[in-house]
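According to this note's numbering, the sequence shown holds residues 1 to 647 in order.
Yeah, the Cβ is synthetic: ideal placement off N, Cα and C, and Gly gets one too.
The next block holds one structure in the form of C-alpha cells; read it before the comments.
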Amino acid sequence: GSVNIKLGRGGIREIEFITQTLQTIRGGRDLRLRSRKTLEALDALAAADVIPLARAQTLKAHYVALRDLEHAIQYVNDEQTQRLPKSGPGLEQIAGLLNTTPEALWTQVDAIREAVSTIFDGIFQVNEAEVSQSATWPLGWESGSGSVKPLLLEKLAQSLPDVAESEREGLLNRILRLVSERNFTTSQRSRTTRERLVRLIPAIVESAASWIPIELANLTTPEMVVGRYLTLLEVIVGRSTYVALLAQYPSAMQRVGRVLGASRWCADYLVRHPILLDDVVLFDETAYDDETPTDRSDWVARLKKELEACKGDQEREMNVVRDAHHCAVFQLILADLAGRFSVERLADHLSALADAVLDVVIPLAWQTVKDRPSDVPQFAVIGYGKLGGKELGYESDLDLVFVYDDETLAPGADIAYGRLVRRLMSWLTLQTSSGKLFDVDLRLRPNGESGLVVTPFSMFLAYQENQGHHAGAKGAWFWEHQALTRARFCAGDKTLGEKFEAARRRILMSDRDPEVAREEVLKMRERLDEGHKNTTDFFDIKHDRGGMVDLEFCVQYLVLVYAKHYPELVKNVGNIHLLRLMAEAGLLERPVARRAANAYRRYRVLQHEGRLNAPEGRPVRVPKDSVDSQRQAVLALFNAVLGDKKE
Numbered sequence: 001g002s003v004n005i006k007l008g009r010g011g012i013r014e015i016e017f018i019t020q021t022l023q024t025i026r027g028g029r030d031l032r033l034r035s036r037k038t039l040e041a042l043d044a045l046a047a048a049d050v051i052p053l054a055r056a057q058t059l060k061a062h063y064v065a066l067r068d069l070e071h072a073i074q075y076v077n078d079e080q081t082q083r084l085p086k087s088g089p090g091l092e093q094i095a096g097l098l099n100t101t102p103e104a105l106w107t108q109v110d111a112i113r114e115a116v117s118t119i120f121d122g123i124f125q126v127n128e129a130e131v132s133q134s135a136t137w138p139l140g141w142e143s144g145s146g147s148v149k150p151l152l153l154e155k156l157a158q159s160l161p162d163v164a165e166s167e168r169e170g171l172l173n174r175i176l177r178l179v180s181e182r183n184f185t186t187s188q189r190s191r192t193t194r195e196r197l198v199r200l201i202p203a204i205v206e207s208a209a210s211w212i213p214i215e216l217a218n219l220t221t222p223e224m225v226v227g228r229y230l231t232l233l234e235v236i237v238g239r240s241t242y243v244a245l246l247a248q249y250p251s252a253m254q255r256v257g258r259v260l261g262a263s264r265w266c267a268d269y270l271v272r273h274p275i276l277l278d279d280v281v282l283f284d285e286t287a288y289d290d291e292t293p294t295d296r297s298d299w300v301a302r303l304k305k306e307l308e309a310c311k312g313d314q315e316r317e318m319n320v321v322r323d324a325h326h327c328a329v330f331q332l333i334l335a336d337l338a339g340r341f342s343v344e345r346l347a348d349h350l351s352a353l354a355d356a357v358l359d360v361v362i363p364l365a366w367q368t369v370k371d372r373p374s375d376v377p378q379f380a381v382i383g384y385g386k387l388g389g390k391e392l393g394y395e396s397d398l399d400l401v402f403v404y405d406d407e408t409l410a411p412g413a414d415i416a417y418g419r420l421v422r423r424l425m426s427w428l429t430l431q432t433s434s435g436k437l438f439d440v441d442l443r444l445r446p447n448g449e450s451g452l453v454v455t456p457f458s459m460f461l462a463y464q465e466n467q468g469h470h471a472g473a474k475g476a477w478f479w480e481h482q483a484l485t486r487a488r489f490c491a492g493d494k495t496l497g498e499k500f501e502a503a504r505r506r507i508l509m510s511d512r513d514p515e516v517a518r519e520e521v522l523k524m525r526e527r528l529d530e531g532h533k534n535t536t537d538f539f540d541i542k543h544d545r546g547g548m549v550d551l552e553f554c555v556q557y558l559v560l561v562y563a564k565h566y567p568e569l570v571k572n573v574g575n576i577h578l579l580r581l582m583a584e585a586g587l588l589e590r591p592v593a594r595r596a597a598n599a600y601r602r603y604r605v606l607q608h609e610g611r612l613n614a615p616e617g618r619p620v621r622v623p624k625d626s627v628d629s630q631r632q633a634v635l636a637l638f639n640a641v642l643g644d645k646k647e
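This is the structure in C-alpha cells:
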C-alpha cells in the first residue's frame with residue numbers, strides 16, 4: 001500500500017486549494033493576495049486577516065515538509081510520482097534522505113495529513129453525507145425538453161406545495177433560463193459551471209423550506225427563498241469560483257441558503273454586493289458577541305494600508321472604502337442572524353462603524369480641496385438622531401451637521417470648508433460600481449434647508465444659545481434643543497469635538513420653564529402626528545400614540561427641564577439607560593420607568609425584525625393586540641411626564 005501525498009486527503013493539493021480559494025475570493029478586493037506562490041500567498045492572507053497567523057504558519061510548515069518529501073520520493077524513484085510506500089526498501093531510502101526512520105516519517109506524515117484535513121474541513125466544512133445528497137430530478141432535466149417539463153413541475157410541486165401553478169411555471173422558466181446552453185460558451189470552464197448549476201439547483205429547491213427560521217414561517221415562503229437564491233445565481237453565474245464554492249461545498253450552499261431564508265434585506269444586500277459571498281462561507285460568527293468591543297482602530301489601520309496601495313486613484317479609493325464597509329456590515333449581519341447580539345449592542349457596532357468610516361473619509365476628501373487653509377481640517381461631524389443616539393440600524397440615514405472652527409482661520413476658509421462638505425457628500429452618497437456608503441440627511445443644520453451646509457462653530461453656538469423666537473431673531477427653536485439631546489461628536493478634529501460636547505452640555509443644562517417646555521413638546525408631537533397618519537388597523541410602533549416617539553419625547557423633555565439639577569442626564573447614553581437614571585433621580589416612579597424601558601426594548605427588536613424582512617421602505621406596523629402591554633406602559637409614562645390624557 002501507499003499514499004499519494006500530493007492529491008490524497010490532507011496533501012499538497014489541499015493546502016494549495018485552501019490558499020487559492022481564499023485568494024480568489026478575497027483577491028478581487030485586495031491586491032496583495034494575488035501571489036502565485038503558495039507560501040507568499042499564505043503570508044499575505046495572514047497579513048490581511050483572512051486566516052489566523054498561527055494557522056497560516058502551520059500550513060506553511062506542512063507545505064514545506066510535504067514538498068521536501070515529494071522531492072525525496074521523486075529522487076529515489078527517479079520519476080514523477082507522489083506516492084509514499086507503507087514499507088519496503090523504497091521507504092527506507094526516502095526516510096534516509098530526510099535523516100529520519102521509516103516509523104518517524106510515517107508518524108510525521110499522518111500527523112500532517114490529519115492537521116491539514118482538519119483545517120480544510122474547518123474552512124469548507126465538507127460533510128460526506130451532504131456531498132452525496134443526490135437530488136432526484138430526472139437525468140438531463142436541464143434540456144427543458146417537452147417530455148421533461150411535466151416531471152420538473154411535479155418535482156417543484158413536491159418541494160413547494162403551496163405555490164400556485166402559474167408561479168411554479170414562472171420559477172421553472174427562470175431555472176431553465178439560468179442553465180440554458182446559450183448562456184455558456186464551449187470553453188471547459190464554462191461547461192463545468194453549467195454542470196455545477198445543474199447539480200446545485202435541485203438541491204436548493206429541495207432544501208429551501210429548511211432554511212426559514214421558525215419565527216418567520218408566516219412571513220417567508222420556500223418559493224421566496226428559491227427566488228432569492230436564483231437571483232443570486234443569476235448575478236454570479238459569470239464568476240465560476242463562486243459557483244464552484246456553492247456546488248462543491250454543500251455546507252457553503254446551506255449557509256448561503258440560511259442567510260437568504262433569514263432576511264429579505266440581507267438577500268438584497270448580497271445580490272447588490274456578491275463579493276460578500278466569501279464572508280458567508282468563511283466568516284466565523286462566533287467571533288462576535290455582546291462583549292466584543294466596538295473599537296474599530298485595527299479595521300481603520302488595515303483600510304488605510306489598502307488605501308495607500310490605490311496611490312491616489314480616487315475611484316479605486318471610493319470602491320475600497322465601500323467594499324470594506326459592506327464587508328464589515330455584513331459580518332455584523334451574519335453574527336446578528338446567528339443570534340450573537342442584542343439589538344442595542346448591534347446598534348453600538350453599526351454606529352461605531354459609521355464613525356470610523358467618517359474618520360477615514362474626511363482626510364481623503366480634504367486632500368482634493370484646493371486652497372485649503374491647513375493640512376488637517378479643523379472640522380467636525382456632529383451626528384444627530386439614530387447615529388447621535390447610537391441607535392443606528394442597517395438602513396438608517398445619517399443625520400449630520402458639519403462645523404468648522406474659525407478662530408485662527410485664513411480668509412476664504414468658508415469656501416474651502418464648503419468644498420470639503422461637497423466632496424465628503426459625494427464620498428458618502430455617490431453610487432459607484434461598489435455601491436454607496438450611506439444616505440445622508442442635512443436638514444438638522446442651523447436654519448434648516450436654507451442654512452449653510454457647513455457652519456463656523458462660533459455661529460453654531462450663537463444660534464444654539466440664542467433663546468429668542470420673536471420675529472427676526474435668529475435662534476434655535478425648542479425642537480432643535482430636543483434634537484440636541486441626541487447629538488454627539490462623531491468624527492473629525494478632536495479638539496473641536498470636545499468644544500462641541502462642552503457647549504452641548506451647557507445648552508442642555510440651561511434654565512427652562514417646565515410649563516413652556518411641556519407646551520413646546522406637545523406642539524411638536526401634534527405636528528408629527530399630522531405628518532404620519534396611520535389609517536390601517538395595525539399599530540405603527542414608531543409614530544402611533546404609545547409608540548417609540550412618545551417615549552423619546554418624554555425622555556427629551558425630562559433632560560431639557562431637569563439636566564440643570566441632575567447633570568448626569570446630559571450623557572448621551574440612549575433612552576433605556578436615561579430612563580433608569582431618571583428613576584434614580586426620583587423624576588419617575590421606578591415601575592413606570594422600568595415598564596417603559598422594557599417596552600422600548602421590545603419596539604427596537606420589532607423594528608429590527610421588520611427592517612430585515614418587511615418590504616423596502618414600509619413603516620413597521622404590527623397587530624395592535626401583540627403590543628398591548630407595551631403601548632400601555634408608554635402611555636403611562638407619557639401621562640406621568642407630559643400629563644396629556646389623550647389615548
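Determine, using beta carbons only, whether residue i and residue j come nearer to each other than 8 Å.
{"i": "N572", "j": "R445", "result": "no"}
{"i": "R322", "j": "L437", "result": "yes"}
{"i": "R602", "j": "F538", "result": "no"}
{"i": "V280", "j": "L334", "result": "yes"}
{"i": "F330", "j": "D493", "result": "no"}
{"i": "K86", "j": "G1", "result": "yes"}
{"i": "A111", "j": "P102", "result": "no"}
{"i": "R340", "j": "E291", "result": "no"}
{"i": "F500", "j": "V403", "result": "yes"}
{"i": "E142", "j": "V198", "result": "yes"}
{"i": "L387", "j": "C310", "result": "no"}
{"i": "L277", "j": "A347", "result": "no"}
{"i": "V109", "j": "L160", "result": "no"}
{"i": "V521", "j": "L612", "result": "no"}
{"i": "L139", "j": "L156", "result": "no"}
{"i": "A390", "j": "S450", "result": "Checking the displayed sequence, the identity of residue 390 turns out to be Lys instead of Ala. No."}
{"i": "L66", "j": "A56", "result": "no"}
{"i": "T368", "j": "R423", "result": "yes"}
{"i": "V300", "j": "A354", "result": "no"}
{"i": "L84", "j": "V205", "result": "no"}
{"i": "L303", "j": "A324", "result": "yes"}
{"i": "G610", "j": "E344", "result": "no"}
Shortest alpha-carbon distance to residue i belongs to which of the options?
{"i": "S433", "options": "G140, I275, V225 and G170", "result": "I275"}
{"i": "R618", "options": "E181, Q556, K564 and I541", "result": "I541"}
{"i": "V627", "options": "K304, E616 and G546", "result": "G546"}
{"i": "L420", "options": "D375, G389 and R443", "result": "D375"}
{"i": "R264", "options": "L245, E223, L246 and Y242", "result": "E223"}
Does DSSP classify residue i as helix, strand or coil?
{"i": "S2", "result": "strand"}
{"i": "L642", "result": "helix"}
{"i": "K398", "result": "The question names Lys, yet the displayed sequence has Leu at residue 398. Correct three-state label for L398: strand."}
{"i": "A491", "result": "strand"}
{"i": "V634", "result": "helix"}
{"i": "F379", "result": "strand"}
{"i": "G257", "result": "helix"}
{"i": "S629", "result": "helix"}
{"i": "I175", "result": "helix"}
{"i": "V403", "result": "strand"}
{"i": "T429", "result": "helix"}
{"i": "T107", "result": "helix"}
{"i": "P363", "result": "helix"}
{"i": "T455", "result": "strand"}
{"i": "G448", "result": "helix"}
{"i": "D511", "result": "coil"}
{"i": "D355", "result": "helix"}
Using the beta-carbon count (16 or more within 10 Å), is residue i buried or exposed?
{"i": "D399", "result": "buried"}
{"i": "E128", "result": "Annotation note: pLDDT 40 at E128 (below 50); position unreliable, coordinate value reported separately. Burial call: exposed."}
{"i": "T21", "result": "buried"}
{"i": "F638", "result": "buried"}
{"i": "W427", "result": "buried"}
{"i": "L7", "result": "exposed"}
Who pairs with residue i in a beta bridge, going by DSSP?
{"i": "R621", "result": "D540"}
{"i": "D371", "result": "Its beta-bridge partners do not exist; DSSP assigns none."}
{"i": "R595", "result": "Partner(s): none; R595 has no beta bridge."}
{"i": "R83", "result": "N4"}
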